[in-house]
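Have a look at the structure below before the remarks.
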Amino acid sequence: MPRQAKIPRDIIILLYALLGGAPAVAITLIILWCTGDYSAYAQWTFTILVLSSWLGFAFALRTRVTRPLQTMSNLLAALREGDFSIRAAGATSNDPLGEVLLEINSLGTLLQEHRLGALEATALLRTVMEEIDVAIFAFDANASLRLVNRAGQELLAESAQHILGRSASELGLADCLEGDDARVLPNAHFPGGTGRWGMRRTAFREGGRPHFLVVIADLSQALRAEELKAWQRLVRVLGHELNNSLAPIKSIAGSLGTVLRRKPRPDGWENDMRGGLEIIEARADNLTRFLQAYADLARLPAPKLGRCEASALIKRIVAIPQTSPIEVLGGPDFVFNCDAAQIEQLLINLLKNASEAAAETGGKVRLRWSRRDGFVVFEIEDDGPGLANPGNLFVPFFTTKPTGTGIGLVLSRQIAENHGGTLHLENRTGHTGCIATLQLPATTNA
Numbered sequence: 294m295p296r297q298a299k300i301p302r303d304i305i306i307l308l309y310a311l312l313g314g315a316p317a318v319a320i321t322l323i324i325l326w327c328t329g330d331y332s333a334y335a336q337w338t339f340t341i342l343v344l345s346s347w348l349g350f351a352f353a354l355r356t357r358v359t360r361p362l363q364t365m366s367n368l369l370a371a372l373r374e375g376d377f378s379i380r381a382a383g384a385t386s387n388d389p390l391g392e393v394l395l396e397i398n399s400l401g402t403l404l405q406e407h408r409l410g411a412l413e414a415t416a417l418l419r420t421v422m423e424e425i426d427v428a429i430f431a432f433d434a435n436a437s438l439r440l441v442n443r444a445g446q447e448l449l450a451e452s453a454q455h456i457l458g459r460s461a462s463e464l465g466l467a468d469c470l471e472g473d474d475a476r477v478l479p480n481a482h483f484p485g486g487t488g489r490w491g492m493r494r495t496a497f498r499e500g501g502r503p504h505f506l507v508v509i510a511d512l513s514q515a516l517r518a519e520e521l522k523a524w525q526r527l528v529r530v531l532g533h534e535l536n537n538s539l540a541p542i543k544s545i546a547g548s549l550g551t552v553l554r555r556k557p558r559p560d561g562w563e564n565d566m567r568g569g570l571e572i573i574e575a576r577a578d579n580l581t582r583f584l585q586a587y588a589d590l591a592r593l594p595a596p597k598l599g600r601c602e603a604s605a606l607i608k609r610i611v612a613i614p615q616t617s618p619i620e621v622l623g624g625p626d627f628v629f630n631c632d633a634a635q636i637e638q639l640l641i642n643l644l645k646n647a648s649e650a651a652a653e654t655g656g657k658v659r660l661r662w663s664r665r666d667g668f669v670v671f672e673i674e675d676d677g678p679g680l681a682n683p684g685n686l687f688v689p690f691f692t693t694k695p696t697g698t699g700i701g702l703v704l705s706r707q708i709a710e711n712h713g714g715t716l717h718l719e720n721r722t723g724h725t726g727c728i729a730t731l732q733l734p735a736t737t738n739a
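If you're matching positions, the sequence shown starts at 294 in my numbering and goes up one per residue.
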């Protein structure tokens, strides 16, 4: 059915104005022509005057009503086109129409300020993107490059004019749009640089369509700095432990050599010799055990995942005698995936540390476990003196125990992280002692 054309609103206003004045005009003309004794000249003169006034006021009313509407239409069209500099005249607060125009002027001022702020923010963003030393790429839903900064151009050894609009596969970046959102690119090679590259991908929407922001950074310098710190820390601790063992061995060996060179030898020299050799043997054993612990840390195998019952695991670890009593607070029985042997060793290490700490104060050790938010959580709490130096907990070979190796917690955390979990130790709040929290995914993909 064809759509009927609507009568323009200005015509409707004109018709209403004419209809409003029509009765008065009709009565006036009837009186003029039918009841009065007027000359023809006077009748026609007054008729023309009445009709002219009637039509003039009707058209004037239409203009007075439609002109402000046209003004507001022009103002709104300017705002839609992004021109916020036009303002309406006669915008006052003493009449309804003036208040409308005043609000439109205020809206234009507000939008102008927002656009200025957006332009400044965009300029700042562009400046930051150009000056930042990581490569930034933005791809649309079709994997076409839409934005690249200076570092990205240098990485690809191409100018923006040559690479914008090209696909990720043509640029050698297709792998960045697939797989994990954040990872290291071990086999990435770029024409504009060499190194070890890390990538992070973020999805966003523009114009209702999905886009992807890819950030690629060279990790070589940061990794070298961290490796240097790790080696310095390792050498410092190794040197400390080796000196602790070699210094007494050297001293005792020198003393025993002096005894053997004396002529005649003093009484009881055999006992002195035997005692010195026993000390040397003990220190050598400690040094061997220390180096073996280092080898164990370096040779930790990848976890072999399998089904593990939480209750059976707890039963095995609490059956091992400890220095302090262990109170099993309990938890639900469930099955989760892990390398049972490694997790058992981890929990035994934590229980051993907690038991030795609790023995210093005559306290107890409490063990509980739970399953929440897709994670398996084990908590071991002790009544010991607490952590004196939390910052060195996971420093390899750092220990406060006379016979410790400083490997247990490092090995435990490595086992947890290899399972995709975390190990966290902190002092208890409101009580002395420490609490160790092991969190593992209920379904682990190592």
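Glycine is no exception: its CB is placed at the ideal position from the N, C-alpha and C atoms.
Asked: Cβ-based neighbour list, Trp562, same chain, cut-off 7 Å, excluding 5 preceding and 5 following; Found: Val552
Asked: Which of helix, strand or coil DSSP assigns to Val421; Found: helix
Asked: Buried versus exposed call for Val658 [16 or more other C-beta atoms within 10 Å across all chains shown]; Found: buried
Asked: C-alpha gap between Ala652 and Gly677, whole angstroms; Found: 7 Å
Asked: Residue from Ile728, Leu598 and Asp632 whose Cα sits closest to the Cα of Leu643; Found: Ile728
Asked: DSSP-derived helix/strand/coil call for Ala546; Found: helix
Asked: Terminal residues of the beta strand (DSSP E) in which Ile728 lies; Found: Cys727 to Pro734
Asked: Three CB pairs or more closer than 8 Å across the segment 450 to 459 and the segment 415 to 429; Found: no
Asked: Met365 to Ala353 span [Cα, whole Å]; Found: 19 Å
Asked: Cα-Cα separation, Val611 to Thr725; Found: 23 Å
Asked: Residue-chain proximity (Thr722, chain D), Cβ-Cβ < 8 Å; Found: The structure shown contains no chain D; it holds only a single protein chain.
Asked: Selected residue, minimal CA-CA separation from Arg706, among Leu680, Ala735, Gln635 and Gly655; Found: Gln635
Asked: Length at least 3, wholly inside the segment 635 to 663: the beta strand (DSSP E) runs in chain order; Found: none
Asked: Span separating the alpha-carbon of Leu506 from that of Ala467; Found: 13 Å
Asked: Where Asn536 sits in the DSSP three-state scheme; Found: helix
Asked: Which residues DSSP lists as bridging Asn720, in chain order; Found: Cys727
Asked: Buried versus exposed call for His482 [16 or more other C-beta atoms within 10 Å across all chains shown]; Found: exposed
Asked: Close beta carbons around Tyr331, own chain, < 7 Å, minus the five adjacent residues each side; Found: Leu325
Asked: Reduced DSSP secondary structure (H/G/I, E/B, other) of Pro625; Found: coil
Asked: Proximity winner among Ala431, Asn435, Gly314 and Pro361, relative to Gly343 (alpha-carbon distances); Found: Going by the sequence as given, residue 343 is Val instead of Gly. Checked all of Ala431, Asn435, Gly314 and Pro361; the closest Cα to Val343 is Gly314.
Asked: Gly568 (DSSP reduced to helix, strand or coil); Found: helix
Asked: Beta-carbon proximity list for Val358, same chain, < 6 Å, skipping 5 on both sides; Found: Ile306
Asked: Bounding residues of the alpha helix (DSSP H) (the contiguous stretch that carries Val507); Found: Taken as a continuous stretch (DSSP letters only), Val507 belongs to no alpha helix (DSSP H), being part of the beta strand (DSSP E) at Arg502 to Asp511.
Asked: Arg493 - containing alpha helix (DSSP H), residue span; Found: Note, Arg493: premise wrong, no alpha helix (DSSP H); beta strand (DSSP E) at Trp490 to Glu499.
Asked: Own chain residues within Cβ distance below 6 Å of Ser513, not counting five before or after; Found: Gly488 and Arg489
Asked: Reduced DSSP secondary structure (H/G/I, E/B, other) of Gly486; Found: strand
Asked: Secondary structure of Phe350, DSSP reduced to three states; Found: helix
Asked: Same chain only: Cβ atoms within 6 Å of Gly697, ignoring 5 sequence neighbours per side; Found: Note on Gly697: pLDDT 47, under 50, position unreliable in the model; no value is reported.
Asked: Where the beta strand (DSSP E) containing Ala475 begins and where it ends; Found: Ala475 to Leu478
Asked: Gly568 beta carbon near the ligand ADP (any heavy atom closer than 7 Å); Found: The ligand ADP is absent from the structure shown, which contains no ligand whatsoever.
Asked: Whole-number beta carbon distance between Ile572 and Val508, since they are thought to touch under 8 Å; Found: Between Ile572 and Val508 the Cβ distance is about 59 Å, and since that is not below 8 Å, they are no contact.
Asked: Burial state of Gln446, where buried means 16 or more other Cβ atoms lie within 10 Å; Found: buried
Asked: 8 Å Cβ cutoff met for Thr730 and Glu637; Found: no
Asked: Arg439, enclosing beta strand (DSSP E) - first and last residue; Found: Leu438 to Val441
Asked: Pair within 8 Å by beta-carbon distance, Cys469 and Ala475; Found: no
Asked: Local conformation of Gly561 per DSSP, three classes; Found: coil
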